[in-house]
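**Student:** Each position in the sequence shown, counted from 1, maps to that position plus 17 in my numbering. Ideal placement from N, C-alpha and C gives every residue a C-beta, glycine not left out. Structure incoming, see below.
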Amino acid sequence: MSYNDYLTAWAVYIFASAGLIWTGFIWTRWIQPAFLRRSVRMLATLTLLTPYQSYTDMDYLAPAWIILVFESATNGPDAALRAGIPLSITLGSGLLLTVIYSLFYKPSHPSVLENHNPGTKDRRDNGEET
Numbered sequence: 018m019s020y021n022d023y024l025t026a027w028a029v030y031i032f033a034s035a036g037l038i039w040t041g042f043i044w045t046r047w048i049q050p051a052f053l054r055r056s057v058r059m060l061a062t063l064t065l066l067t068p069y070q071s072y073t074d075m076d077y078l079a080p081a082w083i084i085l086v087f088e089s090a091t092n093g094p095d096a097a098l099r100a101g102i103p104l105s106i107t108l109g110s111g112l113l114l115t116v117i118y119s120l121f122y123k124p125s126h127p128s129v130l131e132n133h134n135p136g137t138k139d140r141r142d143n144g145e146e147t
């Protein structure tokens, strides 16, 4: 594989992953606990975009989940740990960052606050004609 083929393959993969991530964001917008929605989105994005060395003697990278699947299918579960450990560390770090973000994030946009506070008054209830 030439270096240009390698770059082309990565460009196609990143473009396809961006489409999957965008579709995933649309599909998960109905998940109501915001923490769960953010966690699902973060884990899916990190799973798709985490790279790892495809061969130990080469500098080429490949998506870690692909290496994990193929190494476990061909060489057994012990060989899959080569990409499984870094992928697990990345996913754990992403989940930790999501938890920290969810603890400190306070929605300030009025539409966000109206959706989360069922006792707020609707704008149409102010007595004005619509």
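Touch check for the region 53–72 and the region 81–91: three-plus C-beta pairs under 8 Å?
**Tutor:** Yes, since at least three Cβ pairs between the region 53–72 and the region 81–91 fall closer than 8 Å, the two stretches touch.
**Student:** Can you list the beta strand (DSSP E) stretches of 3 or more residues lying completely in the region 55–135, in chain order?
**Tutor:** 68–70 and 78–80, all fully within the region 55–135.
**Student:** Alpha helix (DSSP H) containing S19: first to last residue?
**Tutor:** Taken as a continuous stretch (DSSP letters only), S19 belongs to no alpha helix (DSSP H), as it is neither H nor E.
**Student:** Can Y72 and M18 be called in contact, C-beta distance under 9 Å?
**Tutor:** No, these two residues do not count as a Cβ contact at 9 Å.
**Student:** By the 10 Å Cβ neighbour count, where 16 or more other Cβ atoms means buried, how is L37 classified, buried or exposed?
**Tutor:** Result: exposed.
**Student:** Which whole-angstrom value is the C-beta distance of A97 and S105, which I expect to be below 8 Å?
**Tutor:** Going by Cβ atoms, the distance from A97 to S105 rounds to 11 Å, so no, they are not a contact pair.
**Student:** Determine, using beta carbons only, whether S110 and F52 come nearer to each other than 9 Å.
**Tutor:** Not a contact, by the Cβ cut-off of 9 Å.
**Student:** Can you list, in chain order, the residues of its chain whose CB lies under 7 Å from that of P58, leaving out five sequence neighbours each side?
**Tutor:** The question names Pro, yet the displayed sequence has Arg at residue 58. Within the same chain, R58 has close Cβ partners G41, F42 and T45.
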